[in-house]
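My numbering puts the sequence shown at residues 30 to 257. Each residue gets a CB set at the ideal place from its N, CA and C atoms; glycine is no exception. Here is the structure we will look at, set down as structure tokens.
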Amino acid sequence: RGGLPRAPIISMMQVLAITALSYSAARPSAMRAAAPRADVRASDRFLPMSGFDNAVGSFAEDFPEFFKRGFGPTTKAERWNGRHAMFGWVAIIATGYAQAHGLVPDFDTPLDLTVWGPLAATGTGAITKGRAVILIAHVHALMVSVASALAPFPFGDKLTLNMKAGEQDEQAYGLFPPFGETGLTMSAEIINGRLAMLGLITTVISSVSSGTPFLETVDAGLGGLLLK
Numbered sequence: 030r031g032g033l034p035r036a037p038i039i040s041m042m043q044v045l046a047i048t049a050l051s052y053s054a055a056r057p058s059a060m061r062a063a064a065p066r067a068d069v070r071a072s073d074r075f076l077p078m079s080g081f082d083n084a085v086g087s088f089a090e091d092f093p094e095f096f097k098r099g100f101g102p103t104t105k106a107e108r109w110n111g112r113h114a115m116f117g118w119v120a121i122i123a124t125g126y127a128q129a130h131g132l133v134p135d136f137d138t139p140l141d142l143t144v145w146g147p148l149a150a151t152g153t154g155a156i157t158k159g160r161a162v163i164l165i166a167h168v169h170a171l172m173v174s175v176a177s178a179l180a181p182f183p184f185g186d187k188l189t190l191n192m193k194a195g196e197q198d199e200q201a202y203g204l205f206p207p208f209g210e211t212g213l214t215m216s217a218e219i220i221n222g223r224l225a226m227l228g229l230i231t232t233v234i235s236s237v238s239s240g241t242p243f244l245e246t247v248d249a250g251l252g253g254l255l256l257k
């Protein structure tokens, strides 16, 4: 495989992991306490971010109609961005598994331009069969996401806030959401979403800076288990 050795990539990920743990260890002791009681206000539970809070206030004043629908720097938007990032990791792992186990025949074989025409052209040649399958899968997932946003099921979470029903955005979770709550909680989803988004950013930076293909960077971070 091309690119740099795995060691620099793994070292970079280890440094980032240690940094994240250091931030976690440095958080106030109040954040390490047991799960807060239900009667404690949300604003007392979260460590605020004054800069972010100011940005939220400015956005709400400048774009009130967007803010009322949950667009911009809102908790609603953060929750959905985190969900998409988590779904992205599922797609990445599934892609690596498919490539490693030959589930897509001739994964690295370019498409025939005489058959596919401009649809398969990349500027320097033709897209490979594996990348074409991934592209179609992502387009399908995007269309499903758009359809669910435009016509959601009654029992599903809406992409935007319901202005007609007077739905309000959640209290911002601050820099460190409460870690004392366990199980399928709202704060756990926020934490998982943030980790997924941070992981994507870290992996992309590692891949670009080292010149290593994205899937190989993920594989290196997983100790070579993905593309094994």
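*Flag this pair as yes or no: are the beta carbons of PRO206 and ILE219 separated by less than 7 Å?*
Position 177 of the sequence shown, counted from the start, is the residue given in the question as residue 206. Position 190 of the sequence shown, counted from the start, is the residue given in the question as residue 219. A contact, by the Cβ cut-off of 7 Å.
*My understanding is that GLY117 touches LEU229, with C-beta atoms under 8 Å, so please give their C-beta distance in whole angstroms.*
Against the sequence shown, residue 117 aligns to sequence position 88. Against the sequence shown, residue 229 aligns to sequence position 200. The Cβ separation is near 6 Å, so the contact holds.
*asked:* With distance defined between alpha-carbon atoms, name the residue in ARG98, THR153, ILE165, GLY154 nearest to THR124.
replied: Mapped onto the sequence shown, residue 124 falls at position 95. Checked all of ARG98, THR153, ILE165, GLY154; the closest Cα to THR124 is ILE165.
*With burial defined as no fewer than 16 other Cβ atoms inside 10 Å of the residue's Cβ, what is the status of VAL247: buried or exposed?*
On the sequence shown, residue 247 is found 218 positions in, with the first residue counted as 1. Flag for VAL247 reads buried.
*Can you find a CB in chain D that lies within less than 7 Å of the CB of PRO102?*
Given the protein chain composition of this structure (a single chain), no chain D is represented.
*asked:* Can you tell me whether LYS193 is buried or exposed? The criterion is at least 16 other CB atoms within 10 Å of its CB, across all chains shown.
replied: Here residue 193 refers to the residue found at position 164 when the sequence shown is read from its first residue. Result: exposed.
*asked:* Suppose the cutoff is 6 Å on Cβ atoms and the five residues either side in sequence are ignored; what does the same chain contact list for ALA55 look like?
replied: Numbered from its first residue, the sequence shown carries residue 55 at position 26. Bear in mind that the predicted position of ALA55 carries a pLDDT of just 36, short of 50, making it too unreliable to give a figure here.
*Does the Cβ of TYR126 have 16 or more other Cβ atoms within 10 Å, making it buried, or fewer, making it exposed?*
In the sequence shown, the residue the question calls residue 126 occupies position 97. Label assigned to TYR126: exposed.
*So, is PHE96 buried or exposed, given that buried needs 16 or more other C-beta atoms within 10 angstroms?*
Working through the sequence shown from its first residue, we reach residue 96 at position 67. With 16 or more other Cβ atoms within 10 Å, it is buried.
*asked:* Can you tell me where the alpha helix (DSSP H) holding VAL162 begins and where it ends?
replied: Along the sequence shown, one-based indexing puts residue 162 at 133. Its alpha helix (DSSP H) spans residues 158–179.
*Just the C-alpha distance for ALA59 and THR138, rounded to the nearest angstrom, thanks.*
The sequence position of residue 59 within the sequence shown is 30, counting from 1. The sequence position of residue 138 within the sequence shown is 109, counting from 1. Confidence at ALA59 is low in this model, with a pLDDT of 31, below 50, so its placement is unreliable and the value that follows should be read with caution. Whole-angstrom Cα-Cα distance: 56 Å.
*Identity of the residues DSSP links to ALA155 by a beta bridge*: Taking the sequence shown and counting its residues from 1, one reaches residue 155 at position 126. Note: ALA155 sits in a beta bridge opposite ALA150.
*Cβ distance (whole Å) where THR189 is taken to contact ARG98 below 8 Å*: As a working note, residue 189 is residue 160 in the sequence shown. As a working note, residue 98 is residue 69 in the sequence shown. So it is a contact: roughly 4 Å between Cβ atoms.
*Does the distance from the CB of ASP198 to the CB of THR103 come in under 7 Å?*
Against the sequence shown, residue 198 aligns to sequence position 169. Against the sequence shown, residue 103 aligns to sequence position 74. Contact flag set, yes.
*Per-residue burial, LYS105 [other beta carbons within 10 Å of its own, 16 or more giving buried]*: By one-based count along the sequence shown, residue 105 stands at place 76. So LYS105 counts as buried.
*What residues in its chain sit with their C-beta under 8 Å from that of ALA155, if we drop five residues either side in the sequence?*
In the sequence shown, the residue the question calls residue 155 occupies position 126. The residues are PRO139, LEU140, ASP141, LEU142, TRP145, ALA149.
*Would you give the residue range spanned by the alpha helix (DSSP H) that ALA106 belongs to?*
Counting from one through the sequence shown, the residue named residue 106 turns up at place 77. Taken as a continuous stretch (DSSP letters only), the alpha helix (DSSP H) holding ALA106 covers 104–129.
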